[in-house]
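Enquirer: Take this structure first; my questions come after.
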Amino acid sequence: MTFFSGSHWLFTVKTFVAGMTALAVSFWLDLPRPYWALASVYIASQPLSGATTSKAAYRAAGTLLGAAGAVLMVPNLVDMPLALALAMSIWAGLCLYLALLDRTPRGYVFMLAGYTAAIVGFPAVDAPETIFDLALSRTEEILVGIACATLVSRLVFPRSVGPVVAERLDAWLLHGRAAAVDALDPERRMANDAHWLRLVTDVVEIEMLATHLAFDAAVERRSLDRVRRIVPRMLMLFPVLSAISDRLAALVDLGGESERIWSLVERARAVVAAPESADAHEDATELRRDLAAAASPSLDASWRALVEASLCQRLRELLDILHDCAALTRALAEKKAEPAPLRLTIELRIERVRHLDHGSALHAAFTLACAIFACCLLWIVTAWPEGSIAAMMAAIVGSLYASQDDPTPSIAGFAEWTILAAMIAGVYLFAILPHVHNFETLALALAPVYLAFGLLIASPQTIRIGLPLAIVTPTAMALQELYSAEAEAFVNSSLAMSAGMVLMAIVTAAIRPAGAQWRARRYARANRAALVQAADLRAGNDERLMGLMLDRLFLLAPIAHAVGHTLPQALCDLRTGLNILDARRARSTLDGAPRRRIDALLMHLSRSFRAAAPTPSRASLQAIDRALATARRAGDERLLLSLVGLRRCLFATEPAPERSSTEADIA
């Protein structure tokens, strides 16, 4: 089957060996629910050894935290069923809220703590005196599973995270160069959203992989530092490419030909597209010198000349970004002591921080809490013996898919594959396991389906199928060292699992309809508030502010097409913020009337952004033109080019400023 590669087969064999080892150890230790150890192996196992270790560590921490929560709540509230149901629902919702705010693999700790409390606590309601033993055995089973998964992953043909990160960085560089080549094509004028989405997806994947580097024994510690240095430069590529496309469009609209500028653009396009070689390096070095000279406009330069100078400035930044990213990638792949000297001091402009969407996280947490409480009410009112299973499954699937804008289809899909898993478990339980008399034949009997489950989990395209099958099948079978099976209990527990997921899907669809459009509007409002802060003379930590705006772009990219939002607008907002902050930094070198002129501009912009008007006021345009004249007279090149960029961001369709009016205004 060509769909699965050799690495997929290696992963599934390793995972099956780890699963059988965990099952054997659980039998040997006489643990009450050895099937949880088997399920934990398949939950924790990842194709990369560092990723398996990190997920195992997070799963251990989450299990301990969730078990402690169950031990705290159940004995104290067992005589008040509604209060206990409410407490467990709030606990799961709070843990999910914290997990969604984290947005890294570390958030798995909180997510797991939320539904582990349900898994441990709900079955102990009828016998609260057993809650500590249940929590202890659950923790032991989980620890056995993740220990086996980690050991097999590290000892048997381990696959390190480092080379994979380097491969992904190489792919990102190829995609970045392709986007740059298109952005430098005057006929295309704007890089399309497909480029932005692919680059965003690459960066997100690289960052997620990089979080596992600390858990990979084969990775040197300095590799972490190189990834931290390369990510801000990758992020800066987005506003730089957007600015280049904008300046090229402006020059086309202004008309006229400048052979020198178009020659520089063509040379830059050739350098970006060329493979790494000594000749390409020499061409890039010479081009950088020519761009630096062209990016220094004279004080009496025309508007067109200023736009050309701004274009050359961004072209030089583009070359520096690609050079630095290539140097850091090579150092990471070849494990060099130090990469080639870096050219761009990007840390002074953007800090990698994450936007905390409290509203979205609260919405998802409230939905989960309501669904769990609804299952508990049904359990209490009907005195349903298997009601605890329904509540547990609602907590699990509701947590797993809460980060999606519309979790309902995924929850429904999980329910469908759960039905198939229950059917597979039924075949084993009543047709195959009665003929199994030792562990060796049990392992042979389980091999066909669990090797298939591992293959499905190994592929990103099929993990949504493999994971529910691998989790639910051993749970539905309730594998024990000694065979026992009861048809009525099996059917009731299978129905309860499906009922819990169906109820979760219904509550989610009712309380939390598809929220992509809502999230897009929230990100746009947050960026507008960030622009107000950027224009505030009293604000600080500018690098963090721009990092937040860029992170919202990353959140917006996957949903932009679905909601009719365009990424270029979000990029324009980001460029606006960067130009404002550059102007603020240049302002610190001025005094007297020139400084007051820049202060007046910032106040105009702050009022305009705070008013949330579709376009800034005419007063803001006039303030920018006056500030341009001030920058000319002050001879401040950095301020001049930042104001050119700001005018293009906010008033791209306005005619070029008239030199005579601005000069007269100063006089």
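Residue numbers (my numbering): 58 to 724.
Glycine residues also receive a C-beta, built at the ideal position from the N, C-alpha and C atoms.
Every value quoted in this text rests on a predicted model; they were computed, and no experiment measured them.
Please classify Ile446: does DSSP put it in a helix, a strand, or coil?
Expert: The answer is helix: DSSP assigns Ile446 an H, G or I state.
Enquirer: What separation, rounded to the nearest whole angstrom, lies between the Cα atoms of Leu169 and Ala127?
Expert: Each residue's Cα considered, the two are about 13 Å apart.
Enquirer: Where do the ends of the alpha helix (DSSP H) carrying Gln679 lie?
Expert: That run of the alpha helix (DSSP H) goes Arg675 to Ala691.
Enquirer: Just to check my reading of the structure: Ser550 and Ile476 have Cβ atoms closer than 8 Å, yes? What is that Cβ distance to the nearest angstrom?
Expert: No, Ser550 and Ile476 are not in contact; Cβ-Cβ is about 13 Å, not under 8 Å.
Enquirer: Would Ala428 pass as a contact of Met561 if the rule is Cβ separation under 8 Å?
Expert: Contact flag set, yes.
Enquirer: Determine the direct distance from the alpha carbon of Leu512 to that of Ala206, and round the result to whole angstroms.
Expert: In a straight line, the C-alpha of Ala206 is about 16 Å away from that of Leu512.
Enquirer: Shortest alpha-carbon distance to Thr120 belongs to which of Ile203, Arg90 and Ala650?
Expert: The candidate whose alpha carbon is nearest that of Thr120 is Ile203.
Enquirer: Please classify Val524: does DSSP put it in a helix, a strand, or coil?
Expert: Strictly speaking, residue 524 in this sequence is Leu, with Val absent from that position. Here Leu524 sits in helix by DSSP.
Enquirer: With distances taken Cα to Cα, identify the nearest neighbour of Thr645 among Asp693, Ser663, Met603 and Thr633.
Expert: One point to set straight first is that residue 645 is Ser, not Thr, in the sequence displayed. Ranking Asp693, Ser663, Met603 and Thr633 by Cα distance to Ser645 puts Asp693 first.
Enquirer: Touching or not, the region 213-232 and the region 263-275, by the rule of three or more beta carbon pairs under 8 Å?
Expert: Enough Cβ pairs lie closer than 8 Å, so yes.
Enquirer: Within the same chain, show all residues whose beta-carbon is closer than 7 Å to that of Ala192, passing over the 5 residues directly before and after it, in chain order.
Expert: Cβ neighbours of Ala192 beyond the five flanking positions: Ala124, Ala127, Val128 and Val177.
Enquirer: Are the Cβ atoms of Val297 and Leu375 separated by less than 8 Å?
Expert: Yes, these two residues count as a Cβ contact at 8 Å.
Enquirer: Measuring only the C-alpha atoms, how far is Ala142 from Val82?
Expert: Using only the alpha carbons, I get a separation of about 35 Å.
Enquirer: Check Ala390 in the structure and name its three-state DSSP category.
Expert: In this structure, Ala390 counts as helix in the three-state DSSP scheme.
Enquirer: Hey, could you find the ends of the alpha helix (DSSP H) Ile403 is sitting in?
Expert: Neither: Ile403 is in no alpha helix (DSSP H) and is coded neither H nor E.
Enquirer: Could you tell me the distance, in whole angstroms, from the CA atom of Val238 to the CA atom of Ile301?
Expert: Computed Cα separation, rounded: 11 Å.
Enquirer: Grab the span of the alpha helix (DSSP H) containing Arg40 for me, first residue to last.
Expert: Since the displayed the chain opens at 58 and closes at 724, residue 40 lies outside it and no answer follows.
Enquirer: Should the region 90-107 be called in touch with the region 64-75, which here means at least 3 C-beta pairs below 8 Å?
Expert: Cβ pair count under 8 Å is three or more, so yes.
Enquirer: How big is the Cα-Cα spacing for Ser665 and Phe295?
Expert: Roughly 25 Å separates the two Cα atoms.
Enquirer: Taking the C-alpha atoms as reference points, what is the distance between Ser417 and Phe611?
Expert: So the two alpha carbons sit approximately 16 Å from each other.
Enquirer: Can you tell which of Met291, Gly444, Pro464 and Glu323 has the C-alpha that lies nearest to the C-alpha of Leu379?
Expert: Looking at the Cα atoms, Met291 is the closest of the given residues.
Enquirer: Smallest Cα separation from Glu198: which of Arg116, Phe167 and Thr519?
Expert: Comparing Cα-Cα distances from Glu198 to each of Arg116, Phe167 and Thr519, the minimum goes to Arg116.
Enquirer: Would you identify the three-state DSSP class for Met130, choosing helix, strand or coil?
Expert: Helix.
Enquirer: Helix, strand or coil for Trp441, going by three-state DSSP, please let me know.
Expert: Of the three classes helix, strand and coil, the one that applies to Trp441 here is coil, per DSSP.
Enquirer: State yes or no: is the C-beta of Phe73 within less than 8 Å of the C-beta of Ala502?
Expert: Cβ distance not < 8 Å, so Phe73 and Ala502 don't count as in contact.
Enquirer: For a minimum of 4 consecutive residues, which ranges assigned as the alpha helix (DSSP H) are wholly contained in the region 278-315?
Expert: DSSP runs (the alpha helix (DSSP H)) wholly in the region 278-315: 278-311.
Enquirer: Consult DSSP for Tyr115 and reduce its assignment to one of helix, strand or coil.
Expert: Correct three-state label for Tyr115: helix.
Enquirer: In whole angstroms, give me the CA-to-CA distance for Leu425 and Asp414.
Expert: Cα-Cα distance, rounded: 17 Å.
Enquirer: Since Ile36 and Pro138 are thought to touch, with beta carbons under 8 Å apart, how far apart are those beta carbons, to the nearest angstrom?
Expert: Residue 36 lies beyond the stretch modelled for the chain, which goes from 58 to 724, so this question has no answer here.
Enquirer: What are the boundary residues of the alpha helix (DSSP H) that Glu715 is part of?
Expert: That residue, Glu715, is in no alpha helix (DSSP H); it is neither H nor E in DSSP.
Enquirer: Would you identify the three-state DSSP class for Leu512, choosing helix, strand or coil?
Expert: Note: Leu512 maps to helix in three-state DSSP.
Enquirer: Taking a contact to mean a Cβ-Cβ separation below 8 Å, would you say Ala583 touches Arg609 in this structure?
Expert: Yes. Within cutoff.
Enquirer: Tell me whether the beta-carbon of Ala452 lies closer than 8 Å to the beta-carbon of Ala175.
Expert: Yes, the Cβ-Cβ distance between Ala452 and Ala175 is below 8 Å.
Enquirer: With a CB to CB cut of under 6 Å and the five nearest residues on each side skipped, what residues in its chain are close to Gly444?
Expert: The residues are Trp436.
Enquirer: I'd like to check one pair, Val257 with Ala307: are the Cβ atoms closer than 8 Å?
Expert: Their beta carbons are not under 8 Å apart, which means Ala307 does not touch Val257 by this criterion.
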